[in-house]
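In what follows, a single structure is set out as C-alpha cells and then discussed.
Number of protein chains: 2
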Amino acid sequence: MEQRTEIANLGEFGLIEQLTKDIEIVNSSTLVGVGDDGAVIDHFGRQTVLSSDLLLEGIHFDLAYTPLKHLGYKSVVVNLSDIYAMNATPTQILLNIGFSNRFSLEALEEFYAGVRAACDAYEVDLVGGDTSSSGKGFIISVTAIGEVAPDSYVRRNGAGVNDLICVSGELGAAFLGLTLLEREKKIFETTGTQPDLEGQALIVGRLLKPEARKDIIAYFAESGIMPSSMIDVSDGLSSDLLHLCKQSSTGCVLYEDKIPFNEEAREFAYKLKLDPTACALSGGEDYELLFTVAQTDYEKIKANPAISIIGYMTETDAGCNLITRGGNTHALVAQGWNHLK
Amino acid sequence: MEQRTEIANLGEFGLIEQLTKDIEIVNSSTLVGVGDDGAVIDHFGRQTVLSSDLLLEGIHFDLAYTPLKHLGYKSVVVNLSDIYAMNATPTQILLNIGFSNRFSLEALEEFYAGVRAACDAYEVDLVGGDTSSSGKGFIISVTAIGEVAPDSYVRRNGAGVNDLICVSGELGAAFLGLTLLEREKKIFETTGTQPDLEGQALIVGRLLKPEARKDIIAYFAESGIMPSSMIDVSDGLSSDLLHLCKQSSTGCVLYEDKIPFNEEAREFAYKLKLDPTACALSGGEDYELLFTVAQTDYEKIKANPAISIIGYMTETDAGCNLITRGGNTHALVAQGWNHLK
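For the protein sequence lines, the chains are S and P, in the order given.
1 is the number of the first residue of the first sequence in our numbering; add one for each residue after it.
1001 is the number of the first residue of the second sequence in our numbering; add one for each residue after it.
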C-alpha cells in the first residue's frame, strides 16, 4: 500500500522543509532563496520581468486525468512562457499552493517533483512562496521572474503595418487533448470503461505537459531578430492575435492555410468531427509564441523550420481578417476559452 | 438598490480593463505594468527582493465580518510587511484573484479600491497578475517586489549571541480582534443579535486593517542601524522568535514584562479571560517587525519610542526561554496559528 503521511502531523514549517529540501540554486543572481521573508535577486545591469498566474482545480485542471507531477511541471511552464513572451530569460519562480486535507504529503511531493523537473529543464530557481490549507480543491499561484538586457524586452504593442505575423510550433493539439480526456472521463463516469488513449500520446502530452519556447528566444538572440510585438498563445490564436492588433493599433490578415497543424492532431480532429482551424483559433493552451517582425527579417525567419509565417499586419481600418482556404474573408473573432462564463 | 454587474457579461479582458483602469505608476523603475505578459522593472544597481502569499476565504479571512475594501488593503500590506522584514523597500506588486459568481463587479471594485489605497499609502505599483473564476470562495495571491541597496538586506539567520531582541509597536491586539469578531459572529448566527463592537475599534482595526512598519525601516536607514536578523510577526511572537533562533543557531531569553501591549487591548483580554502574554506569544497577525541588533546599537534603539527591547540572544545550548513576571523560566514553544491542523 502506498504511504500516506497526513500533512497536519508535519505542521506548516515541517511541510515546507520537507517539500523544499532538494531545491538547488542554479542562477548566480539568486542571493537568497526559500526560507526567509523574501527572496533576493541581484539584477545589476539587467531588467527584471515578472509574471504571475493562478491555476485552480475544477477551473484550469481536472485531477481526474491530470497526474500531479505533470500539473507541477505545467504550472511552472505556463508562467515561464509568459516571461519568454517578453523576450526575457526566466531565472526564478515563487510558488504558492493551497490544498485540502484530501492531499497527502506524497501527493504534494509528486506535484513538487514536477515543479523541480520544470525548474531543472528551464534552469530556473524556486526561491519562495507560501503553503496553506484550503477549504476545497487544489490552488496554485506561480510568479515567474526573468531578466532581459536593458530595453530588449518585447511588448504586445509594437507591431507596425506590413509586419509579418509569425508563430512557433503547431497549434490546436492541446485543445484536442482536452476534448479527448473530457470525453473519456464522461465515458468512464457513465460506463466504467477505462480510457482509450491509444495513439493519442501527442495531443494528450501537449495538454498535460506543455513546453515553453525557450529555443525561439535563443534563436532571436543568435540571429539578431528583435520582434516588434509578441504574446504567448494561451487563449487561442484568434484571441491572442487580436490582443497584438488592439495593443499595436493595427489590423491583420491571417491565412488559414498557413496555420501550422500537426498531422496526427489533424486526423484526430476529423475523427471527432472538429474543424482543425477552429481548434487552432479558439482552442488555446498551446504556449507557442505569436510575434511580429519587420519584413526585412523574412530570410532569418524562413531559416528556422520551427517558425511559420501566417499573415501580416495591416492598417487598423482594414480590420482583423481570416482568409480561408477557399479564398473567403471572415472577420476574426475572439472565441478564446472564457472561464468567467 | 445597489448596482450589480455580472462579471460573466464583461469577460476576463473587460474585467481586467475595468479593474485596472485607475492604476497609476509611481516608481520610475516600473517600465511596463499591467497589460502585457509580464511586468518589467529596472533595478539597475539595486537588488530585488520578492515575497508571495496566498489568502483564502474560510482559511485566512471570513467575509462575514471582513469588508472587501479592508481585505484588499490587508492583502497588500501583509506582503509588503515581508519585504520590509528584509530591510527592503517595496516597489511593485502582482495580484492574482479567483472568485466565484457570487461576486459582482461592484464587490471586486471594492476589493480593488482597498488594494489601490494600500498601493498609494506605501507608494507601490500594481504591475500585473491574473484573474480567474473559482468554483468556490475568494482566492487572493499577492507577490510583492522590493529593492534594497546591494547587500543591505537583512535575513533571519544573522543574529549573534548577546544581540538585543527588539520588536516594533504592540503585540496581541489583532488576535483579540479576531476573537471578538468570531464571538460576535457566533452570537449573531445563533440569536440574530447585532455585533457589539462598542469601544473595540483598536483591536478590530488591528485585525482588519493592519499596517506594515515602513517607518521602522526608514529609521534604520536614518540612524545607521543594520539589524543582525529580522522577521515580521505574522504567526505570533514565540513562533517567529523561534524562527530567528533556529536560523541563527542561537538560544534566547525573552522577558514577559517587556512585551509591548496596548492598554485598551490588555483590558479587553482580561474581559475575555485571556492572558495578554499568551495573545502576544501565540496570536499572530501583528505585522510588527521582530529583529536583533548588536548591543552597540542600544542607544539608537532606545531613542525610538516605537521599538521595545524584549530580550537577548544566547548560546544555542541555553535554549529558548521566557522569563515570566514572577521570575520563573519557561521554555518558549511555537503555538502559532497552524492553519494546517
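Glycine included, each C-beta is placed from N, C-alpha and C at the ideal position.
Check whether chain S comes within 7 angstroms of residue i, counting only Cβ atoms and requiring the distance to be less than that.
{"i": "residue 1139 of chain P", "result": "yes"}
{"i": "residue 1233 of chain P", "result": "no"}
{"i": "residue 1025 of chain P", "result": "no"}
{"i": "residue 1337 of chain P", "result": "The pLDDT assigned to residue 1337 of chain P is 48, lower than 50, so where the model puts this residue is not dependable; a value taken from the coordinates is nonetheless given after this. So, not an interface residue."}
{"i": "residue 1161 of chain P", "result": "no"}
{"i": "residue 1014 of chain P", "result": "no"}
{"i": "residue 1040 of chain P", "result": "yes"}
{"i": "residue 1340 of chain P", "result": "In this prediction, residue 1340 of chain P has a pLDDT of 45, which is less than 50 and means its spatial position is unreliable; what the coordinates show is noted afterwards. Interface residue, yes."}
In chain S, what lies closer than 7 angstroms to residue i by C-beta?
{"i": "residue 1171 of chain P", "result": "Within chain S, no residue comes near residue 1171 of chain P; the closest Cβ sits about 18 angstroms away, beyond 7 angstroms."}
{"i": "residue 1130 of chain P", "result": "52, 53, 54"}
Under 8 angstroms Cβ-Cβ, which residues of chain S neighbour residue i?
{"i": "residue 1096 of chain P", "result": "52, 53, 54, 141"}
If we cut at 7 angstroms on Cβ distances, does residue i have a partner in chain P?
{"i": "residue 47 of chain S", "result": "yes"}
{"i": "residue 301 of chain S", "result": "no"}
{"i": "residue 217 of chain S", "result": "no"}
{"i": "residue 77 of chain S", "result": "no"}
Under 9 angstroms Cβ-Cβ, which residues of chain S neighbour residue i?
{"i": "residue 1134 of chain P", "result": "54, 56, 58, 59, 137, 139"}
{"i": "residue 1259 of chain P", "result": "Going along chain S, no residue has its Cβ under 9 angstroms from residue 1259 of chain P, so there is no contact; the nearest lies around 21 angstroms."}
{"i": "residue 1044 of chain P", "result": "43, 44, 45, 46, 47, 150"}
{"i": "residue 1333 of chain P", "result": "Here the premise fails: no neighbours, minimum Cβ distance about 12 angstroms."}
Run down chain P in chain order and give the residues with a C-beta less than 9 angstroms from the C-beta of residue i.
{"i": "residue 122 of chain S", "result": "Result: empty, since nearest Cβ-Cβ is about 15 angstroms, beyond 9 angstroms."}
{"i": "residue 115 of chain S", "result": "Ordered by position in chain P, no residue passes the 9 angstroms Cβ test against residue 115 of chain S, which lies about 14 angstroms from the chain."}
{"i": "residue 313 of chain S", "result": "The premise fails here: residue 313 of chain S is roughly 18 angstroms from chain P at the closest Cβ pair, so nothing lies under 9 angstroms."}
Output, in chain order, the set of chain P residues within a Cβ distance shorter than 7 angstroms of residue i.
{"i": "residue 310 of chain S", "result": "The contacting residues do not exist; residue 310 of chain S stays about 19 angstroms from chain P at best."}
{"i": "residue 165 of chain S", "result": "Ordered by position in chain P, no residue passes the 7 angstroms Cβ test against residue 165 of chain S, which lies about 17 angstroms from the chain."}
{"i": "residue 145 of chain S", "result": "1050"}
{"i": "residue 226 of chain S", "result": "Result: empty, since nearest Cβ-Cβ is about 15 angstroms, beyond 7 angstroms."}
Are there 16 or more other CB atoms within 10 angstroms of the CB of residue i, so buried, or fewer, so exposed?
{"i": "residue 87 of chain S", "result": "buried"}
{"i": "residue 256 of chain S", "result": "buried"}
{"i": "residue 1285 of chain P", "result": "buried"}
{"i": "residue 1273 of chain P", "result": "exposed"}
{"i": "residue 206 of chain S", "result": "buried"}
{"i": "residue 1163 of chain P", "result": "buried"}
{"i": "residue 305 of chain S", "result": "exposed"}
{"i": "residue 223 of chain S", "result": "exposed"}
{"i": "residue 129 of chain S", "result": "buried"}
{"i": "residue 1249 of chain P", "result": "exposed"}
{"i": "residue 1150 of chain P", "result": "exposed"}
{"i": "residue 266 of chain S", "result": "buried"}
{"i": "residue 1127 of chain P", "result": "buried"}
{"i": "residue 44 of chain S", "result": "exposed"}
{"i": "residue 1096 of chain P", "result": "buried"}
{"i": "residue 1201 of chain P", "result": "exposed"}
{"i": "residue 328 of chain S", "result": "exposed"}
{"i": "residue 226 of chain S", "result": "exposed"}
{"i": "residue 1326 of chain P", "result": "exposed"}
{"i": "residue 193 of chain S", "result": "exposed"}
{"i": "residue 1143 of chain P", "result": "buried"}
{"i": "residue 106 of chain S", "result": "exposed"}
Would you kindly report the start and end of the unbroken beta strand (DSSP E) that includes residue i?
{"i": "residue 143 of chain S", "result": "139-148"}
{"i": "residue 1284 of chain P", "result": "Premise fails: residue 1284 of chain P is in no beta strand (DSSP E) and is neither H nor E."}
{"i": "residue 232 of chain S", "result": "229-232"}
{"i": "residue 52 of chain S", "result": "47-56"}
{"i": "residue 30 of chain S", "result": "30-32"}
{"i": "residue 1253 of chain P", "result": "1251-1255"}
{"i": "residue 171 of chain S", "result": "Premise fails: residue 171 of chain S is in no beta strand (DSSP E) and is neither H nor E."}
Regarding residue i and the ligand PLP, is the C-beta to nearest heavy atom distance less than 6 angstroms?
{"i": "residue 228 of chain S", "result": "Because no ligand of any kind appears in the structure shown, any question about the ligand PLP cannot be addressed here."}
Quick one: give me the first and last residue of the alpha helix (DSSP H) that residue i is part of.
{"i": "residue 1247 of chain P", "result": "1237-1248"}
{"i": "residue 219 of chain S", "result": "214-223"}
{"i": "residue 1205 of chain P", "result": "1201-1208"}
Which residues in chain P sit within 8 angstroms of residue i, going by Cβ to Cβ distance?
{"i": "residue 407 of chain S", "result": "Nothing can be reported for residue 407 of chain S: it is not among the residues displayed for chain S, which extend from 1 to 341."}
* Along the chain, which unbroken stretches of the beta strand (DSSP E) at least 3 residues long are found entirely within the region 1068-1125 of chain P? -> 1089-1099
* Length at least 3, wholly inside the region 1262-1339 of chain P: the beta strand (DSSP E) runs in chain order -> 1289-1293, 1307-1314, 1320-1323, 1329-1331
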